[in-house]
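Undergrad: One structure is given below, represented as structure tokens, and several questions about it will come after.
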Amino acid sequence: MKAKDVYLKTMKFVWLKLALGGAIFLFAFLTMFLFIWLGSLGGGSGIVMALTIWMILVGAVYGLVQRYVGYMIKAGHVAMVTTAVTTGSLPENQLEAAKNMVKERFLTTNVYFVVDRLVSGAVSQLQKGLQKVEDLLGKIPGVSLLVSFAQVFVHIALNYIDECCLGYTFLHREQSAFKSAADGVVIYFQNWKTLLKNAAVTTLIVMGVSLLAWLLPFLIFAGIFALLHIHWIFAFLLALMAAAIIKSAFVDSYMMVKMMVSYMQVAPSTEITFDLYDKLCRLSSKFKSLFTKGQEEQQQYGNAQM
């Protein structure tokens, strides 16, 4: 099943992400006017204080909602994309099937959160490797600019690799989620050239669409707020939020599917190089934590089976 087909067939999760982001945006929009009014009572300094409190409040709400709802939607989407890519079909009730798969694999939201954070931290080491290249070659004219662009490209592509590794956990339910995720990271590192090559064109599109997704909301809000004589900074912040919601729902979901399709094509045929575990443990403390946790849980699982 091609990436485009998988994306279209799992659009339910895209709409759920958009609905969740829209609810947070509505909360931010409504509370913004309340804080503008409260801040205006204290003059210029009152506006600044109100803006600061508003940003902290919205950030806290966004973080809590994403952790306890957004992460589960993403996990369900990863589960269904994995199913579609590896079996070529999807269950009729995707939401129910995804819910069952996530509950079976990750007993609590915190387990998924910890695994996801550890995987993200491990794969980000590639970007640090590029920084070392820039440090060595930075004095050569033009190289710094090229490496900076490469860093942006790798950073965007790496944002979706953790979902690939987590998707791998749904393929190997016979072992702990931490162990499967660690295996998934190793498989990524063994195939990183192929995976980043496949992501090149899509990543350039993401960069362009992301800019457009921010520019249009900013122009709209700036025009409305100018008529209402409200400071442009509020328009800027709301535009950033709107762009992030649109990008997360549509662009990130498509990029995730694109990367997962490439990953799942190479994962089954990859023979894991076991000495790479030790190398990655030395390279990344987060990978070491992921690997160690997986080894401990596998040992506990083995003892329970005896």
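Following this note's numbering, the numbering of the sequence shown begins with 1387 at its first residue and continues without gaps.
All C-beta atoms, glycine included, are put in the ideal place defined by N, C-alpha and C.
Computed from a predicted model, the values in this text were never measured in an experiment.
(1) Does the structure place the stretch 1634-1649 close enough to the stretch 1387-1399 that three or more beta carbon pairs sit under 8 Å?
(2) Taking the alpha helix (DSSP H) that Met1387 falls in, what are its first and last residues?
(3) Any idea what DSSP makes of His1463, helix, strand or coil?
(4) How long is the line joining the alpha carbons of Pro1611 and Val1444, rounded to whole angstroms?
(5) Within 10 Å of its beta-carbon, does Arg1668 have 16 or more other beta-carbons around it, so buried, or fewer, so exposed?
(6) At 4 residues or longer, and completely inside the stretch 1644-1687: list those alpha helix (DSSP H) runs for me, N to C.
(7) Out of Phe1415, Leu1404, Met1435, which one is the CA nearest neighbour of Val1455?
(8) Helix, strand or coil: which one does DSSP assign to Pro1360?
(9) Does DSSP classify Thr1472 as helix, strand or coil?
(10) Taking the alpha-carbon positions, what's the Leu1412 to Gly1429 distance?
(11) Would DSSP call Gly1456 helix, strand or coil?
(12) Grouping DSSP H, G and I as helix and E and B as strand, with all else coil, what is Thr1494?
(13) Measuring CB to CB, does Ser1639 end up less than 8 Å from His1463?
(14) Is it buried or exposed for Asn1584, if we count other Cβ within 10 angstroms and need 16 for buried?
(15) Where do the ends of the alpha helix (DSSP H) carrying Asn1584 lie?
(16) Specify the secondary structure class of Tyr1546 as computed by DSSP and reduced to three states.
(17) Report all residues from its chain with a CB closer than 6 Å to the CB of Ala1508; omit the five preceding and five following residues, and keep chain order.
(18) Quick check: what's the CA-CA separation for Leu1424 versus Leu1416?
(19) Taking 8 Å as the threshold, find out whether the stretch 1556-1565 comes into contact with the stretch 1481-1495 through three or more Cβ pairs.
(20) Around the Cβ of Lys1565, are there at least 16 other Cβ atoms within 10 angstroms (buried) or fewer (exposed)?
(21) Give me the Cα-Cα distance between Gly1594 and Leu1602, rounded to the nearest whole angstrom.
(22) Helix, strand or coil: which one does DSSP assign to Gly1407?
(23) Would you mind reading off the limits of the alpha helix (DSSP H) that contains Ala1629?
(24) Between Met1435, Met1387, Pro1477, which has its C-alpha nearest Lys1398's C-alpha?
(25) May I have the straight-line CA-CA distance separating Met1466 from Tyr1663, to the nearest angstrom?
(26) For Ser1596, tell me which candidate among Gly1609, Asp1569, Ala1628, Phe1620 has the shortest Cα-Cα distance.
(27) Which same chain residues end up closer than 8 Å to Val1501 when comparing Cβ atoms and leaving out the 5 residues on each side of it in sequence?
(28) Where does Thr1438 fall in DSSP's three states?
(29) What's the C-alpha gap between Met1650 and Thr1472?
(30) Nearest-angstrom Cα distance between Val1637 and Glu1549?
(31) Any idea what DSSP makes of Thr1555, helix, strand or coil?
(32) Is the beta carbon of Ala1599 less than 8 Å from the beta carbon of Ala1608?
TA: A quick look at the data gives this:
(1) yes
(2) By 1-based counting over the sequence shown, the position of residue 1387 is 1. Premise fails: Met1387 is in no alpha helix (DSSP H) and is neither H nor E.
(3) Numbered from 1 along the sequence shown, position 77 holds the residue referred to as residue 1463. Here His1463 sits in helix by DSSP.
(4) In the sequence shown, the residue the question calls residue 1611 occupies position 225. In the sequence shown, the residue the question calls residue 1444 occupies position 58. Pro is not the amino acid found at residue 1611; the sequence shown has Phe there. Cα-Cα distance, rounded: 20 Å.
(5) In the sequence shown, residue 1668 corresponds to position 282, counting from 1. Per the 10 Å Cβ criterion, exposed.
(6) 1661-1669
(7) To locate residue 1455, count along the sequence shown from 1; it is residue 69. Minimum Cα distance to Val1455 is reached at Leu1404.
(8) What is shown of the chain runs 1387 to 1692, which leaves residue 1360 out entirely.
(9) In the sequence shown, counting from the first residue as 1, residue 1472 sits at position 86. Residue state, collapsed to three classes: helix.
(10) Counted from its first residue, the sequence shown places residue 1412 at position 26. Counted from its first residue, the sequence shown places residue 1429 at position 43. Straight-line Cα distance between these residues: approximately 26 Å.
(11) Mapped onto the sequence shown, residue 1456 falls at position 70. Looking at Gly1456 - three-state DSSP - the assignment turns out to be helix.
(12) Here residue 1494 is taken as the residue at index 108 of the sequence shown, counted from 1. Coil, per DSSP.
(13) Taking the first residue of the sequence shown as 1, we reach residue 1639 at position 253. Taking the first residue of the sequence shown as 1, we reach residue 1463 at position 77. Yes, they are a contact pair.
(14) Sequence index remark: in the sequence shown, residue 1584 carries index 198 (1-based). Its Cβ being crowded by 16 or more others within 10 Å, Asn1584 is buried.
(15) Your numbering for residue 1584 matches position 198 in the sequence shown. Its alpha helix (DSSP H) spans residues 1578-1613.
(16) Reading the sequence shown from its first residue, position 160 is the one you call residue 1546. Correct three-state label for Tyr1546: coil.
(17) Stepping through the sequence shown from its first residue, residue 1508 is reached at position 122. So the qualifying residues of the chain are Val1571, Ser1670, Lys1672, Phe1673.
(18) If you number the sequence shown from 1, residue 1424 lands on position 38. If you number the sequence shown from 1, residue 1416 lands on position 30. Taking the straight line joining both Cα atoms gives about 13 Å.
(19) yes
(20) The residue labelled residue 1565 in the question sits at position 179 within the sequence shown. Buried is the call here.
(21) Locating residue 1594 in the sequence shown gives position 208, where the first residue counts as 1. Locating residue 1602 in the sequence shown gives position 216, where the first residue counts as 1. Straight-line Cα distance between these residues: approximately 13 Å.
(22) As a working mapping, residue 1407 is identified with position 21 in the sequence shown. Three-state DSSP puts Gly1407 in a helix.
(23) Looking up residue 1629 in the sequence shown gives position 243. Where Ala1629 is concerned, the enclosing alpha helix (DSSP H) stretches over 1618-1632.
(24) If you number the sequence shown from 1, residue 1398 lands on position 12. Out of Met1435, Met1387, Pro1477, Pro1477 has the C-alpha closest to the C-alpha of Lys1398.
(25) Taking the first residue of the sequence shown as 1, we reach residue 1466 at position 80. Taking the first residue of the sequence shown as 1, we reach residue 1663 at position 277. If you take the alpha carbons of Met1466 and Tyr1663, they lie about 28 Å apart.
(26) Position 210 of the sequence shown, counted from the first residue, corresponds to residue 1596. The residue with the shortest Cα to Cα distance from Ser1596 is Ala1628.
(27) Position 115 of the sequence shown, counting from 1, holds the residue named residue 1501. Cβ neighbours of Val1501 beyond the five flanking positions: Phe1492, Leu1552, Thr1555, Ala1563, Phe1564, Ala1567, Leu1676.
(28) Reading the sequence shown from its first residue, position 52 is the one you call residue 1438. The answer is helix: DSSP assigns Thr1438 an H, G or I state.
(29) Residue numbering aside, residue 1650 sits at position 264 when the sequence shown is read from its first letter. Residue numbering aside, residue 1472 sits at position 86 when the sequence shown is read from its first letter. Straight-line Cα distance between these residues: approximately 7 Å.
(30) Position 251 of the sequence shown, counted from the start, is the residue given in the question as residue 1637. Position 163 of the sequence shown, counted from the start, is the residue given in the question as residue 1549. Their Cα atoms are separated by approximately 15 Å.
(31) Position 169 of the sequence shown, counted from the first residue, corresponds to residue 1555. It is helical.
(32) Residue numbering aside, residue 1599 sits at position 213 when the sequence shown is read from its first letter. Residue numbering aside, residue 1608 sits at position 222 when the sequence shown is read from its first letter. It is not a contact, given that the beta carbons lie outside the stated cut-off.
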